[in-house]
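K.L.:
Read in order, the letters of the sequence shown are residues 36 to 308 in this note's numbering.
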Amino acid sequence: MLEFRPAPALFAKRPRSTEESLTGKRILITDACSEIGRTTAGLLAGRGAQVLLVARRSDQLIEACATIRADGGEAHWCRCDVAALGDVDQLVTWVLSEYGAVDVLINNAGRPLQRSVTQTLHRFRDYQTMMAANYFGPLRLTLGLLPAMLRASAGHVVNVGPWSANISAAPNFASYASAQAAWITFGQCADAELAPHGIQVSSVHYPAFQADIDPEAPQDEPHVPAADQAAHRVEAAVLSRCPRADPRFSRTLYALAAVAPRSTARLMHAFGN
36 MLEFRPAPAL FAKRPRSTEE SLTGKRILIT DACSEIGRTT AGLLAGRGAQ VLLVARRSDQ
96 LIEACATIRA DGGEAHWCRC DVAALGDVDQ LVTWVLSEYG AVDVLINNAG RPLQRSVTQT
156 LHRFRDYQTM MAANYFGPLR LTLGLLPAML RASAGHVVNV GPWSANISAA PNFASYASAQ
216 AAWITFGQCA DAELAPHGIQ VSSVHYPAFQ ADIDPEAPQD EPHVPAADQA AHRVEAAVLS
276 RCPRADPRFS RTLYALAAVA PRSTARLMHA FGN
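1) Quick check on E55: does DSSP put it in helix, strand or coil?
2) Keeping to the same chain, check which residues put their C-beta closer than 6 Å to that of A118; ignore five residues upstream and five downstream.
3) Can you round the beta-carbon distance between V127 and V137 to whole angstroms, since I take them to be within the 8 Å contact cut?
4) Rounded to whole angstroms, what is the Cα-Cα separation between A209 and S237?
5) Is H191 buried or exposed, if buried means 16 or more other CB atoms sit within 10 Å of its CB?
6) Exposed or buried, R158, counting other C-beta atoms within 10 Å across all chains shown (16 or more means buried)?
7) Quick check: the Cα distance between G81 and Y134, rounded to an integer number of angstroms?
8) So R92 and C68 are supposed to be a Cβ contact under 8 Å. How far apart are they, rounded?
9) Three or more C-beta pairs under 8 Å: does that hold for the stretch 109-116 against the stretch 142-152?
10) Using DSSP with H/G/I as helix, E/B as strand and the rest coil, what is D210?
11) Among the residues of its own chain, which have a CB less than 6 Å from the CB of A217, if the five just before and after it don't count?
12) Rank V139, Y162, L140, L156 by C-alpha distance to the C-alpha of L148 and give the top, closest one.
13) Hey, quick one: how far does the beta strand (DSSP E) through Y241 stretch, first residue to last?
14) For D66, which residues from the same chain have a beta carbon less than 8 Å from its beta carbon, with the 5 sequence-adjacent residues on both sides left out?
15) In its own chain, which residues sit with a C-beta less than 7 Å from the C-beta of T74, not counting the 5 before and 5 after it?
16) Whole angstroms are fine: how far does the CA of D94 sit from the CA of M184?
17) Locate the alpha helix (DSSP H) running through L274, then write down its first and last residues.
18) Which residues in the same chain as R175 place their Cβ atom closer than 7 Å to its Cβ, once the five residues preceding and following it in sequence are excluded?
19) Using only CA atoms, which one of T164, A272, A76, I64 lies nearest to L180?
20) Going by CA-CA distance only, name the one from E70, H232, G83, A272 that's closest to T58.
21) With burial defined as no fewer than 16 other Cβ atoms inside 10 Å of the residue's Cβ, what is the status of P182: buried or exposed?
22) Given A272, which residues of its chain have a CB within under 6 Å of its CB, disregarding the five upstream and five downstream residues?
23) Name the residue from F221, R186, N207, I219 whose alpha carbon lies nearest to the alpha carbon of G233.
24) Which residue or residues does DSSP assign as beta-bridge partners of R194?
25) Who are the near neighbours of E270 in its chain, counting only those whose CB is closer than 6 Å to its CB and skipping five residues on each side?
26) Taking C-beta to C-beta, are V152 and K60 nearer than 8 Å?
27) For V89, does the three-state DSSP call read helix, strand or coil?
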């Protein structure tokens, strides 16, 4: 049996004090042993957050936690292949039983698959793999942790991943771009619908490949920018989380979302909601 295997809201950096603390905040980070994941975890732990690291390899998770603890931070880990729904269910059970809830969920996407459409004519698995890792996995995890956020009337989901300014036409990345398009749409809809409940869904994207790649060129790994650059964007997104405004304003946005979800999302981010 096939096992499915972890948008762009307008992202604006807000000036924040370097002394701003995340003490008392519990933050779960997937793909936490990647360069971006580890750097992000270190930044957030340095601000006092309790970070829960998730990745596929236990040895790397143990090492990442040890590094954070050595710097005075608090970190815990759980091995999970976010592309496997069974693993995700076990992760949700662990989080809810051990901690009750998380304040911030960071869905850190994996590396995109680079292969042309003509090269995937007999590789349907490529599309299944990308959907599993970049849509079904994080979706299952997000839906599993949302009930606790709804009960608390607070929470923040940050979706992180490589992106192109012209993702709708990105040669050699059809399988990845398709999965991201689905995930982005979910994020936009979820943000508009969950806003009145005190839950924010935002996205952080960083350039990882060019849309005009020569299809005849060697298929090398896509370029990934410095991890600290992307990690600081994630940190800024977490810090920009602020309480929702007047509940009457939220109810108005909720009503507007039913007829104009995209316009609602733009308004909410423009006003910092």
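Think of the CB as a built atom: it goes at the ideal place given N, C-alpha and C, for glycine as much as any other residue.
P.N.:
The relevant details are as follows:
1) Reduced to three states, the DSSP call for E55 is coil.
2) In chain order, R40, A167, A168, G172 place their CB closer than 6 Å to the CB of A118, counting only its own chain and leaving out the 5 sequence neighbours on each side.
3) About 10 Å separates the beta carbons of V127 and V137, which is beyond the 8 Å limit, so they are not a contact pair.
4) 23 Å
5) Result: buried.
6) exposed
7) 20 Å
8) Their Cβ separation, rounded to whole angstroms, is 6 Å, which keeps R92 and C68 in contact under 8 Å.
9) no
10) At residue 210 the sequence reads Ser, which differs from the Asp that was named. In the structure shown, S210 sits in a helix (DSSP, three-state: H, G or I).
11) Y170
12) Shortest Cα-Cα distance from L148 to any of V139, Y162, L140, L156 involves Y162.
13) Counting along the chain, the beta strand (DSSP E) containing Y241 begins and ends at 234-242.
14) P41, G72, V89, A90, V117, N143, A144, G145
15) Cβ within range, chain order: A262, D263, A266.
16) 30 Å
17) First-last of the alpha helix (DSSP H) with L274: 262-274.
18) Answer for R175: L120, V123, listed in chain order.
19) I64
20) G83
21) exposed
22) V193, S237, V239
23) When each option's Cα is compared against that of G233, the closest is R186.
24) Contrary to the premise, residue 194 reads as Asn rather than Arg in this sequence. Paired residues: N142, S238.
25) For E270, where only same-chain residues beyond five positions count, the Cβ hits under 6 Å are L78.
26) no
27) V89 falls in the strand class under three-state DSSP.
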